[in-house]
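Take a look at the structure below.
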Amino acid sequence: MTAPDQSRPLLWQLAISHYSEKVRWALDYKRVPHRRRSTLAGIHIAVALYLTRGATVTFPILELGGATIADSTAAIAALERRHPERPLYPEDPGERRRALALEHHFDEGLGPAARLLPFHELGREPEMFGELAALAVPPPLSRAPTLLASYARVYTRRRFGVAGEAAAARARAAIVAALERIEIELASGDGMHLVGERFSVADLTAASLAFPVVMPEGGPLPADIRLPSELERFRAELRERPGYRWVEETYARYRRAPVPAAAA
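In the working numbering, the protein residues as written are 1026 to 1289.
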């Protein structure tokens, strides 16, 4: 087996994180050969602190051209500068501002909600939580789903405030609001893209951050994975919305990995 090229960009990620998916998608869309390194959720906090000299506690972190870049938005900005081919920022200044504003909007609203709600519902069904957690860790940890479920419930409560129906209700409302915003932007444009007439960082951000709820083909998790019944009910209520279908279609149209990433 050929050793990975150590000069390639290195993405530190949580395998099933939608913010990590956002940067993975950007790397793949731009066809940038790169490496990926995953750690166990929780352990990644110490790794992030070490890599950024205390600047952040979270992933993704992208090592690119000698720089260590925390935050998915900053990582995509750096990729645009270093790898301008297949741009994600619109050329038109007005469209660029709109795309960046939408990226921020979905980062701050949809992202946290689409993470909290599945964790809330999974916390009620430990067996499913263990199955999901096992997909994100290497053996032998993946062979201990009960232990993983207990760890995941404690971690998500402390890290993301996953506790109580009130927080879950706010997350549901934020997800619906995000789909409504997608639908408004589509109606004012070509019906396929959120800004202008080509794929941009706005589309990538909205689709990738919606994946924990929509579960499209091509996402980080198998589309047929077992999900809690309450989450499935919520998804069923949304399934015929144009915004929900747009996420599925955007994954089908643009989510490709033409340059396989090497394990770091």
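Even for Gly, the Cβ is constructed at its ideal location relative to N, Cα and C.
Can you look up residue i in the DSSP assignment and give me helix, strand or coil?
| i | result |
| --- | --- |
| T1064 | coil |
| E1088 | strand |
| L1229 | helix |
| M1026 | Low confidence applies to M1026: its pLDDT is 44, below 50, so where it sits in the model is not reliable, and the reading given next is rough at best. M1026 falls in the coil class under three-state DSSP. |
| A1277 | helix |
| A1188 | coil |
| K1055 | coil |
| Y1044 | helix |
| T1077 | coil |
| R1223 | coil |
When burial is assigned at 16 or more other CB atoms within 10 Å of the CB, is residue i buried or exposed?
| i | result |
| --- | --- |
| Q1031 | exposed |
| A1261 | exposed |
| I1101 | buried |
| S1045 | buried |
| L1035 | buried |
| R1049 | buried |
| D1096 | buried |
| V1179 | exposed |
| L1089 | buried |
| G1148 | buried |
Could you tell me whether any Cβ in chain D is nearer than 9 Å to the Cβ of residue i?
| i | result |
| --- | --- |
| K1047 | The structure shown contains no chain D; it holds only a single protein chain. |
Who are residue i's beta bridge partners in DSSP?
| i | result |
| --- | --- |
| A1095 | I1086 |
| W1037 | R1062 and I1086 |
Touch check for the stretch 1257–1274 and the stretch 1066–1082: three-plus C-beta pairs under 8 Å? no
Using 8 Å as the threshold, is the stretch 1224–1238 in touch with the stretch 1114–1128, meaning 3 or more CB pairs across them? yes
Would you call the stretch 1199–1216 in contact with the stretch 1150–1157, where contact means no fewer than 3 C-beta pairs closer than 8 Å? no
Does the structure place the stretch 1246–1256 close enough to the stretch 1063–1080 that three or more beta carbon pairs sit under 8 Å? Contact fails: fewer than three Cβ-Cβ distances are below 8 Å.
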